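Remarks on the structure that follows.
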Amino acid sequence: MQFSEVVPNLAGISDQLSIVRSICHKDPNHGGGNHYMMTGAPTPVPVACGAFVTFHPSFGSMVSFDRGIRNGLPAYMSMPEVSRSGGPNFLGGQHAPFVIGGYPNSKSFQVRDVVLPQGISEGRAASRRELRAALDGMKRFRDKLADDPAVTFDQYYQQGVDLVLSPQAQAAFDIQREDEKLRDSYGRNDFGQRLLLARRLVEVGVSFVTVYNGGWDHHTKIFESYKGDKLKQLDQGMAALISDLGQRGLLEKTLVVLLGEFGRTPKVNKDAGRDHWPHAMSVLMAGAGCPGGAVIGATDAKGYYASENVYKPEDFAASLYTKMGIDPAQSLHTNTGRPVQLVSNGRLIKELFV
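According to the working numbering, the sequence shown is numbered sequentially starting from 445.
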């Protein structure tokens, strides 16, 4: 297992990592590749690089659908924004991620809209909710086929109320409660502190957290870029997250995944960069029974194509769902009643289940 000199912290915990080097697909576009790796399903039409679409439920939304709210906390959260294909599609708006924006490294960081406004007591807030309910005479259509937006709004509203009134949520969002040395270990930057906040959310029962960290499309000057702060922050933050989960006894039941939408060309281009290359990519995994110190699969000698133990995104999806206790072979139904298989022809990455 070889690591670049710019990721010494991940190298230091290599005995806890599984690296799958042979996942591949055929979509070289950011939008399509993101969709494939965030849902386990290819896009039915070409998707432009900047598009935000979800033709199939994302992993987080499906976990939310399967597990539901716990302790007033949504099952699916995303920071600092939603991944391009992180939406629920036909599962409904109540299974979209709760988005935590802002800058958690800031001393004034607060999660917006999760506390009662100043001057409004809990009793007064309850009276206002009762008044709203009394004035709301809109008819609701509970039939799933009706896809009534008023019902979806009601569910959103109730989730918001539960979040505001949940002491577990309020405690989890207050990152200032963490030990200063532990915060330092994650890195005093927004990415590192988002990872720490993710650990706090998992600790109180949030089932799926995405920390979206874009900006890796280095078609030019890749060697200069990777010696900068961005990769250093990823190295420090990810290593701290995995170590912290392990020390708290949470790693055995928490799956940590680090991935992008595709790999990069083995050949450096004329601008000292690397271009899109979906034919071979690596995914780092830790926890949830994944074997430590494991390298799974291989490419050809020049790194162009996955050549040993080749897996596709459907296999990755089937493995992730299985680790989460969700049957990947089950059929769902759209709001028009059409059956849709959660994962089509996915097989387990067997080396992750030893």
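For glycine and all other residues, C-beta sits at the position ideal for the given N, C-alpha and C.
Just so it is clear, the structure is predicted and the values come from calculations on it, not from any experiment.
- Message: Between which residues of its own chain and LEU589 is the CB-CB distance below 7 Å, once the five residues before and five after are set aside?
- Response: Because the pLDDT of LEU589 is 49, which lies under 50, any placement of that residue in the model is unreliable, and the number read from its coordinates should be weighed accordingly. ASN779, THR780, GLY781.
- Quick one: residues in its chain with C-beta nearer than 6 Å to the C-beta of PRO501, no 5 flanking neighbours on either side, listed in chain order? If you ignore the 5 residues before and after PRO501, its C-beta comes within less than 6 Å of the C-beta of PRO532, ASN533, LEU535, all in its own chain and listed in chain order.
- Message: Does the stretch 519-530 come into contact with the stretch 502-511, if we say contact requires no fewer than three beta-carbon pairs (one atom in each stretch) closer than 8 Å?
- Response: With the cut-off at 8 Å, the stretch 519-530 and the stretch 502-511 touch.
- Query: Should GLU668 go down as buried or exposed, given a rule of 16 or more other Cβ atoms within 10 Å for buried?
  - Reply: exposed
- ALA750: first and last residue of the uninterrupted beta strand (DSSP E) it sits in: 750-752 is the span of the beta strand (DSSP E), which, as asked, contains ALA750.
- Message: What residue range does the alpha helix (DSSP H) around VAL507 cover?
- Response: 503-511
- In the structure shown, what three-state DSSP assignment does LEU776 receive? strand
- Message: Using CA atoms only, rank isn't needed, just tell me which of CYS468, LYS756, SER462, ASP679 is closest to TYR749.
- Response: CYS468
- Message: Which residue marks the beginning of the beta strand (DSSP E) containing LEU612, and which one marks its end?
- Response: The sequence shown places Gln at residue 612, rather than the Leu named in the question. First-last for GLN612: 611-617, but that is the alpha helix (DSSP H), not the beta strand (DSSP E).
- Within this structure, are the beta carbons of SER462 and PRO735 separated by less than 8 Å? yes
- Task: Can you have a look at GLN446 and say buried or exposed, based on whether 16 or more other CB atoms are within 10 angstroms of its CB?
- Result: exposed
- Message: DSSP has LEU702 in a bridge; who is on the other side?
- Response: LEU728
- So LEU522 is in the beta strand (DSSP E); what residue range does that whole segment cover? Leu is not the amino acid found at residue 522; the sequence shown has Ser there. Per DSSP, SER522 belongs to the beta strand (DSSP E) from 520-523.
- Cα-Cα separation between ALA615 and ALA492, rounded to whole angstroms: 40 Å
- Between PRO722 and GLY484, which are expected to be in contact by the criterion C-beta below 8 Å, what is the C-beta distance as a whole number of angstroms? No, PRO722 and GLY484 are not in contact; Cβ-Cβ is about 15 Å, not under 8 Å.
- Which value, in whole angstroms, describes the spacing of the CA atoms of ARG511 and GLN538? 12 Å
- Item | TYR547 burial status per 10 Å Cβ neighbour count (16 or more: buried) | exposed
- Message: Within the continuous beta strand (DSSP E) that includes PHE652, where are the two ends?
- Response: 652-655
- Query: Under the rule that 16 or more other beta-carbon atoms within 10 Å means buried, what is GLN620, buried or exposed?
  - Reply: Sixteen is the threshold: since fewer than 16 other Cβ atoms of the shown chains lie within 10 Å of the Cβ of GLN620, the residue is exposed.
- Query: Taking contact to mean at least 3 C-beta pairs separated by less than 8 Å, is the stretch 709-726 in contact with the stretch 679-686?
  - Reply: no
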